[in-house]
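A quick write-up on the structure given underneath.
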Ligand code: 3HC
């Protein structure tokens with residue numbers, strides 16, 4: 004099974020890493036050569052961390068790294084059995100990719116999207132073979148997080164869903180299937196909680212550090228909601244809230260005014276060095 008990953012950001016590099024660790028040949032494609040170089044470094048660092056912790060042998064890390072190649076050339080994805088996209092969260096960009104993949108890949112190749120909020124059914128509609136489009140929603144940090152949410156578009160065939168579920172297990176992850184709906188399952192539950200934590204900051208109820216500590220010690224979460232927002236990216240959280248708010252047309256999903264301001268200010272969390280905390 005040959006896997007293609009489009010987009011060499013945090014999620015794309017994590018997906019490439021777990022696929023290669025499971026023994027799959029992986030081609031990572033991105034328009035930007037520096038992004039590909041960064042992804043190769045990130046994967047190397049993460050594998051080195053796993054070796055240091057004794058989670059994997061050094062030889063296994065070397066094998067995984069050897070299974071990953073990178074390219075800026077889109078057409079080299081033509082021999083892939085499964086292509087997973089992890090590009091910018093814009094419907095038109097993702098739909099455009101699916102149309103381009105349709106033109107170069109075999110008719111039985113599967114196209115998966117790692118989208119956190121875009122309708123899989125709308126994405127599938129971009130393909131001439133919509134039954135082959137499915138959601139594979141990984142969680143950050145991908146090498147650590149066990150779940151992959153499998154999202155079935157209205158058009159996804161049973162055969163494609165079964166193949167992708169089995170493949171997720173072969174990657175050492177735990178698949179769980181959801182029908183296509185705004186935010187799927189995890190983000191529909193998680194993003195409103197983060198949004199409400201941001202409202203608590205906005206109302207001046209407690210400090211960022213104390214709100215995070217309360218949720219760690221009072222709800223046994225591994226990290227507080229505001230630290231998690233910084234990890235995910237505040238722009239991504241806002242995107243999910245807007246999808247829920249507009250999709251369900253329900254005021255209970257209204258994005259926090261402070262979240263909107265933080266995004267407008269460019270305070271997106273770890274990736275920009277500043278969010279609810281500062282990162283250097
Ligand atoms: N690569 C490899 N290993 C990594 C890693 C990486 N990038 N990041 C962390 N690890 C490993 C560490 O080596 C450590 O291994 P060990 O248990 O064998 O010692 C383990 O993960 C825990 O890491 P740390 O000791 O550094 O730190 P923590 O114990 O604080 O854990 C965390 C960090 C795993 C991020 C934990 O805080 C956590 O689980 N947080 C919640 C993350 C979460 O909820 N993610 C989901 C985000 S939502 C999403 O992605 C969906 C999207 O659509 C928005």
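In my numbering, the protein residues as written are 4 to 283.
Where is the CB? At the ideal position from N, CA and C, for every residue including glycine.
As a quick exercise: from the options, pick the residue whose alpha carbon is nearest that of residue i.
i	options	result
residue 75	42, 92, 63	42
residue 260	202, 234, 73, 61	202
residue 8	58, 52, 121, 104	104
residue 279	40, 219, 31, 215	215
residue 180	150, 204, 73	150
residue 287	106, 69, 115, 68	Nothing can be reported for residue 287, as the shown portion of the chain is limited to 4 through 283.
residue 38	233, 267, 73	73
residue 193	126, 161, 232, 209	232
residue 95	112, 122, 161, 109	122
residue 152	144, 139, 58	139
residue 33	78, 106, 53	78
residue 47	61, 254, 35	61
residue 294	262, 268, 226, 162	The structure shown does not extend to residue 294, since the chain is modelled only from 4 to 283, so the question has no answer here.
residue 258	268, 272, 238, 276	238
residue 44	59, 17, 175	17
residue 242	100, 35, 119, 252	119
residue 110	66, 82, 263, 92	82
residue 142	68, 234, 24, 204	234
If we ignore side chains and look at the alpha-carbon of each, how far apart do residue i and residue j end up?
i	j	result
residue 206	residue 184	31 Å
residue 270	residue 229	13 Å
residue 158	residue 133	6 Å
residue 20	residue 26	10 Å
residue 274	residue 129	31 Å
residue 211	residue 250	29 Å
residue 155	residue 85	16 Å
residue 224	residue 131	43 Å
residue 160	residue 236	33 Å
residue 56	residue 49	11 Å
residue 10	residue 144	16 Å
residue 146	residue 52	11 Å
residue 12	residue 97	15 Å
residue 220	residue 199	18 Å
residue 281	residue 272	8 Å
residue 208	residue 189	26 Å
Per DSSP, what are the beta-bridge partners of residue i in this structure?
i	result
residue 272	277
residue 32	9, 74
residue 137	115, 155
Can you confirm whether residue i, when its beta carbon is compared against all beta carbons of chain D, has any partner nearer than 7 Å?
i	result
residue 77	Note that chain D does not occur in the displayed structure, where there is just one protein chain.
Contact check, residue i vs residue j under 8 Å by CB: the rounded distance?
i	j	result
residue 285	residue 136	Within the shown structure, residues of the chain are numbered from 4 to 283, placing residue 285 beyond reach of any answer.
residue 244	residue 256	6 Å
residue 108	residue 70	That pair is no contact at about 20 Å.
(message) Ignoring anything shorter than 3 residues, give me the beta strand (DSSP E) runs that lie fully in the region 60-105, in order along the chain.
(response) 71-74, 85-88
* To do: Counting only runs of 3+ residues fully inside the region 145-189, write out the beta strand (DSSP E) ranges in chain order.
  => 150-155, 177-182
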